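S.K.: Just so you know, we're using UniProt numbering here: the sequence shown kicks off at 1 and counts up by one.
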Amino acid sequence: MPDTYKYLTTRIEDNVGIITLNRPEKLNALSWELAEELATVFYRWRYVDEVRAIVLTGAGRAFCAGGDIDWISGDSDRPMPGTSDASRPISRSQRKTPGGPFMDATRQMIAVDKPIVAALHGHAVGAGLAYAMVCDRRFADTTLKMSAIFTNVGVAPDCGLSWFLPRVVGLPTALMMVETGRVFRAEECKTMGLVDELVPEGESFAAAFEYAKTLAQRASVAVDMARRMIYMGQTATLEQMLDYEGIAGVIVASSLDAKEGTQSFLEKRKPVYRGI
């Protein structure tokens with residue numbers, strides 16, 4: 001498994017995995033290759049026990065300026081179903097799933113089964129807005145600009161935005177955002193609930209990293225299972241969740257951290273969790 005990528009950088013620090021989108025000259029606009037790398041690292045880190053929480057951020061002046069217009073327009077080396085000349089050959093897999101790794105990155109962000117914290121600055125629009133919405137919590141600095149910009153360029157929302165956005169900001173606000181394509185600045189984003197914490201310019205990564213470290217120091221099996229249950233609860237019935245909570249409770253109780261947690265409570269001391 002390679003440790004280096006062409007369009008993003010990764011590192012692990014204090015049990016926090018840090019992913020940085022790294023196309024700063026394009027404001028980290030998503031190419032097919034960048035989306036592939038993003039989906040790949042989330043898939044791999046699901047199985048890396050050292051990583052207990054994840055921070056997602058962007059290099060340079062922006063978090064992510066959405067999908068690369070060169071690809072969306074259909075004029076790049078890789079054809080896009082719908083906008084490229086119909087005579088251009090398209091792989092069987094892409095024909096069946098036109099969004100390819102752009103959609104799979106969202107899928108892997110949930111499947112990683114670990115908390116993801118967004119550190120936002122500059123533009124977080126289009127697919128960049130979608131990936132920010134997938135994160136468990138969003139820290140932003142005062143340079144932030146957010147927009148469901150899709151309809152401004154004549155395309156529809158993607159990367160799971162239509163599922164996540166109304167759950168984060170409510171249905172009327174989500175409808176307004178996708179219908180108008182308006183750009184919102186940092187203070188407006190905080191008021192609307194698009195971001196959870198607003199910090200001074202240049203401090204979003206530090207704030208997101210400190211928050212992720214607190215999560216990484218907790219009983220990770222319990223935290224990860226709790227995250228999974230919250231997502232399951234978005235589509236399951238109450239009876240289904242009651243059954244699953246009972247099963248998950250037994251699974252979590254068998255972890256070493258559960259034993260440490262209960263023992264430290266009885267001994268009136270701070271627990272020392274090992275993430276297992």
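C-beta: ideal position from N, C-alpha, C; glycine also.
All of these numbers come straight from a predicted model, not from anything done at the bench.
#1: Three or more beta-carbon pairs under 8 Å between the region 100-116 and the region 143-151, yes or no?
#2: Do you know whose CA, among Glu13, Ile19, Asn15, lies nearest Tyr7's CA?
#3: Three Cβ pairs or more, each shorter than 8 Å: is that satisfied between the region 256-263 and the region 186-203?
#4: When the Cα atoms are used, what is the spatial distance from Val223 to Ala206?
#5: With Val250 as the anchor, note down where its alpha helix (DSSP H) starts and where it stops.
#6: So, Ala156 versus Gly67, is the Cβ gap smaller than 7 Å?
#7: When DSSP builds the beta bridges, which residues end up paired with residue 281?
#8: For Cys189, name the three-state secondary structure that DSSP assigns.
#9: Starting from the Cα of Lys213, find the closest Cα among Thr142, Val117, Met241 and give me that residue.
#10: List the DSSP bridge partners of Leu30.
#11: Which residue from Tyr47, Ala140, Ile69 puts its Cα closest to that of Thr57?
#12: For a minimum of 4 consecutive residues, which ranges assigned as the alpha helix (DSSP H) are wholly contained in the region 190-225?
#13: I want to know whether the region 38-47 touches the region 235-243 - three or more CB-CB distances under 8 Å.
#14: Which first and last residues belong to the beta strand (DSSP E) in which Lys268 is found?
#15: Starting from Leu56, trace the beta strand (DSSP E) both ways and give me its first and last residue.
M.R.: The relevant details are as follows:
#1: no
#2: Within the sequence shown, numbered from 1, the residue matching residue 7 stands at position 7. Comparing Cα-Cα distances from Tyr7 to each of Glu13, Ile19, Asn15, the minimum goes to Ile19.
#3: No, the region 256-263 is not in contact with the region 186-203.
#4: Taking the first residue of the sequence shown as 1, we reach residue 223 at position 223. Taking the first residue of the sequence shown as 1, we reach residue 206 at position 206. Roughly 22 Å separates the two Cα atoms.
#5: To locate residue 250, count along the sequence shown from 1; it is residue 250. Looking at the DSSP string, the run of the alpha helix (DSSP H) that includes Val250 is 238-253.
#6: Along the sequence shown, one-based indexing puts residue 156 at 156. Along the sequence shown, one-based indexing puts residue 67 at 67. Not in contact: Ala156 and Gly67 (Cβ atoms no closer than 7 Å).
#7: Nothing can be reported for residue 281, as the shown portion of the chain is limited to 1 through 276.
#8: Sequence index remark: in the sequence shown, residue 189 carries index 189 (1-based). Note: Cys189 maps to helix in three-state DSSP.
#9: Position 213 of the sequence shown, counting from 1, holds the residue named residue 213. Nearest of Thr142, Val117, Met241 to Lys213, Cα basis: Val117.
#10: As a first step, residue 30 is located in the sequence shown; it is residue number 30 there, counting from the start. In the DSSP output, where bridge partners are listed per residue, Leu30 has Gly67.
#11: The count along the sequence shown starts at 1 and reaches residue 57 at position 57. Thr57 has its Cα closest to that of Ala140, out of Tyr47, Ala140, Ile69.
#12: 204-216
#13: The region 38-47 vs the region 235-243: no contact.
#14: Reading the sequence shown from its first residue, position 268 is the one you call residue 268. Here Lys268 belongs to no beta strand (DSSP E), and DSSP marks it neither H nor E.
#15: As a working note, residue 56 is residue 56 in the sequence shown. Unbroken beta strand (DSSP E) run through Leu56: 53-58.
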